[in-house]
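Following: one structure in structure tokens, then a few remarks.
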Amino acid sequence: MPVRKVCIVGAGVAGLYIATILDSLEIPGLSYDILESSDRVGGRMYTHKFSDAPHDYYDIGAMRYPCIKIMDRTFDLFERMELPLINYYLDSDLTPSLFNDRFKSDEKDPYNVGVGKGGQVPDAVVDSVSKLLGDAFNPYKALLKADFKNGMEELTKWMETMNTSTNLFDEAFAESVLDSFDFDYPQLDDQGNPKNTVFSTTTLGCLGRMDLRGLELHPSQKDAIRALHYDDSVKVALKFKYPWWITRCGITQGGDANRMSSLVGGGKPTDDELVELILRNLARLHAQHEGVTYELIRAAYTGTFHAYSWSDDPNTAGAFALFAPGQFKNLYPYLTRSAAQGKFHMVGRRRARTTLNSAADALNPRKIEFYALDASIVQGEGRELLCRYSKINEDGIDRHVQEIRSEAFKVCPYPCIGMYQFLDLSMMKLGVYPEIVQRITQGQKLLDLGCCLGQELRQLVLDGAPSDNMYGSDLWGGFFEVGYHLFKDKDTLKTRFIAADVFDDASPLVELAGQMDIIYTGAFFHLFNLEEQEKAATR
Numbered sequence: 001m002p003v004r005k006v007c008i009v010g011a012g013v014a015g016l017y018i019a020t021i022l023d024s025l026e027i028p029g030l031s032y033d034i035l036e037s038s039d040r041v042g043g044r045m046y047t048h049k050f051s052d053a054p055h056d057y058y059d060i061g062a063m064r065y066p067c068i069k070i071m072d073r074t075f076d077l078f079e080r081m082e083l084p085l086i087n088y089y090l091d092s093d094l095t096p097s098l099f100n101d102r103f104k105s106d107e108k109d110p111y112n113v114g115v116g117k118g119g120q121v122p123d124a125v126v127d128s129v130s131k132l133l134g135d136a137f138n139p140y141k142a143l144l145k146a147d148f149k150n151g152m153e154e155l156t157k158w159m160e161t162m163n164t165s166t167n168l169f170d171e172a173f174a175e176s177v178l179d180s181f182d183f184d185y186p187q188l189d190d191q192g193n194p195k196n197t198v199f200s201t202t203t204l205g206c207l208g209r210m211d212l213r214g215l216e217l218h219p220s221q222k223d224a225i226r227a228l229h230y231d232d233s234v235k236v237a238l239k240f241k242y243p244w245w246i247t248r249c250g251i252t253q254g255g256d257a258n259r260m261s262s263l264v265g266g267g268k269p270t271d272d273e274l275v276e277l278i279l280r281n282l283a284r285l286h287a288q289h290e291g292v293t294y295e296l297i298r299a300a301y302t303g304t305f306h307a308y309s310w311s312d313d314p315n316t317a318g319a320f321a322l323f324a325p326g327q328f329k330n331l332y333p334y335l336t337r338s339a340a341q342g343k344f345h346m347v348g349r350r351r352a353r354t355t356l357n358s359a360a361d362a363l364n365p366r367k368i369e370f371y372a373l374d375a376s377i378v379q380g381e382g383r384e385l386l387c388r389y390s391k392i393n394e395d396g397i398d399r400h401v402q403e404i405r406s407e408a409f410k411v412c413p414y415p416c417i418g419m420y421q422f423l424d425l426s427m428m429k430l431g432v433y434p435e436i437v438q439r440i441t442q443g444q445k446l447l448d449l450g451c452c453l454g455q456e457l458r459q460l461v462l463d464g465a466p467s468d469n470m471y472g473s474d475l476w477g478g479f480f481e482v483g484y485h486l487f488k489d490k491d492t493l494k495t496r497f498i499a500a501d502v503f504d505d506a507s508p509l510v511e512l513a514g515q516m517d518i519i520y521t522g523a524f525f526h527l528f529n530l531e532e533q534e535k536a537a538t539r
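The UniProt record's numbering puts the first residue of the sequence shown at 1, with every later residue one more than the last.
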């Protein structure tokens, strides 16, 4: 059996789960290496332990998991790993809220934000905030409930009407609607250790610092790596001798009082300054409880604390991925596509919601995120080929291509099929392409080895090359019939298709030996390791 080597970049949850899936597949000859620049595994699932004593910890990273439909597989993983879960309470009646030095109360404009009290908000709308937000959010929430795909498009259209900066309100609006609706790395030697496939699970900030030359990334993939924004997140934990917020304030639910994220984000205070600032703010926040003073909180403090900024972590370069207007529609689909002729894959939190899929679901490609991509991502030359060569009306292309993908996936569930890459045209982008067309027109023969649905051959015909001077071959002969269906040319195309294994000495390709003038392998060599590639090249 051929040896298959896989490299997984990043030992976070996504990387570890890819390894779990690979183990479950039990593919003969397959091995993998996991590369991690940090001295720990887990990525942004990070728990800091002050000691080995029970409950003496806090979660720096992921800590809240909503039990909703889309998270079913995540909770299935928790169950199979027998992980204990505890309830997380977002709020309670006793959780204090302090804004503009005012505690929440039942009086009108309790936080003094109205113009009449010196604020900037018109008095007429101070008491109508919930209604105003509801009026803004509800139409989009209704669209999302009725049809999430179309609803998201409408929400995106709204954001794209903005033509000036508004302090990221464009992002805040989308996040609010959806919420309401529910630098150092190891120095490797130049030679490296060649792998057949690489899965990168790093954040885009880290990926952007890597040398990606040679991967032949799509321009939109480069744009996404450069442009997608990661929000900041800071966690600070202080240890106290006793839970004064329970004994003095009666707070038994909610954890917001301890999350002083904004206290570290702007500057670089010393440890003493940071602790002092937090203790004094805790005293202000709980001042409405009798006897809860700065002196009491300071006396209860043990002197132990821990602070962590995800933006300052060179292994993450940020905390949470955010999509600006138009980015989800225009850039996200390209992050789910492979590069380097199917050898390089970007996966992880901002690129797929299947990070924690079960191994059983991973075996079903239809449950992988890329298979759900809309056919509208087929643009450019592929779409033009269907219009000009196959005479398919523009408004019927998406439905037609989706049907073809379903047929092709039954033949062989390649990820490139799921991502509609059978309409990516590479040959025409070669500098020698005009010469190829000319030579075929003059009578020379071309073989497209690994032709898939024969898309490159149809482009040649469209550009004037006679189809009877061309041959197509693929291991999966079922692709040929699907190709006829895709391009609607079974009665007109004279190209000969041959189902064959290039490594088989009795292959039907043997009869073509010495007859081909041009052999195209643009979607072929990436399927094999170096030894097999060398063998194929000498056939």
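All C-beta atoms in this analysis are idealised placements derived from N, C-alpha and C, irrespective of residue type, glycine included.
* Asked: With distances taken from CA atoms, which of R439, F199, G478 and L449 is nearest A465?
  -> R439
* **Assigned secondary structure, Y332 (DSSP; H/G/I helix, E/B strand, else coil)** => helix
* **Nearest-angstrom beta carbon gap, L449 and V502 [assumed within contact, 8 Å]** => 7 Å
* Residue range of the unbroken beta strand (DSSP E) whose run includes A499 -> R496 to A499
* Can you give me the start and stop residues for the alpha helix (DSSP H) that L447 sits inside? => No alpha helix (DSSP H) holds L447; the beta strand (DSSP E) holding it covers L446 to L449.
* **Residue span of the alpha helix (DSSP H) that contains K535, given as start and end** => L530 to A537
* Could you check how far apart the C-beta atoms of E36 and A19 are, in whole angstroms? I think they sit under 8 Å. => Contact doesn't hold; Cβ gap of about 12 Å is too wide.
* Asked: Taking one C-beta from the segment 340-348 and one from the segment 234-244 each time, how about it: are there three or more such pairs within less than 8 Å?
  -> no
* To do: Drop a sphere of 10 angstroms on the beta-carbon of R399, count the other beta-carbons inside from all chains shown, and report buried for 16 or more, exposed for fewer.
  => exposed
* C206 versus V6: straight-line alpha-carbon distance, rounded -> 20 Å
* To do: Helix, strand or coil for R399, going by three-state DSSP, please let me know.
  => helix
* To do: Could you check if N150 is buried or exposed, using at least 16 other CB atoms within 10 Å of its CB as the buried criterion?
  => exposed
* Asked: Nearest-angstrom Cα distance between L25 and Y414?
  -> 16 Å
* To do: With DSSP as the reference, label R337 as helix, strand or coil.
  => coil
* **8 Å contact criterion, which Q472 and F497 should meet: CB distance rounded** => Correcting the residue type first, residue 472 is Gly in the shown sequence and not Gln. Contact holds; Cβ gap of about 5 Å.
* Asked: Per DSSP, which one or two residues make a beta bridge with G42?
  -> Paired residues: G12.
* Sub-8 Å separation of N196 and K343 beta-carbons -> yes
* To do: Under 8 Å by Cβ, that's how I've got L425 and E456 pegged, so tell me the actual separation to the nearest angstrom.
  => 6 Å
* Asked: For P53, which of helix, strand or coil comes out of DSSP?
  -> First, the amino acid is wrong: residue 53 is Ala here, not Pro. Looking at A53 - three-state DSSP - the assignment turns out to be coil, as it is neither helix nor strand.
* Among the residues of its own chain, which have a CB less than 6 Å from the CB of M516, if the five just before and after it don't count? -> K445 and L447
* Limits of the unbroken beta strand (DSSP E) element including Y294 -> That residue, Y294, is in no beta strand (DSSP E); its alpha helix (DSSP H) goes Y294 to A300.
* Could you check where the beta strand (DSSP E) with K239 kicks off and where it finishes? -> V234 to F240
* Asked: What residues match up with G214 in a beta bridge as DSSP calls it?
  -> Partner(s): none; G214 has no beta bridge.
* Residue range of the alpha helix (DSSP H) that includes L274 -> D271 to L285 is the span of the alpha helix (DSSP H), which, as asked, contains L274.
* Should M428 and E481 be called a contact, given that it needs their Cβ atoms to be closer than 8 Å? -> no
* **Per-residue DSSP class, three states only, for I417** => helix
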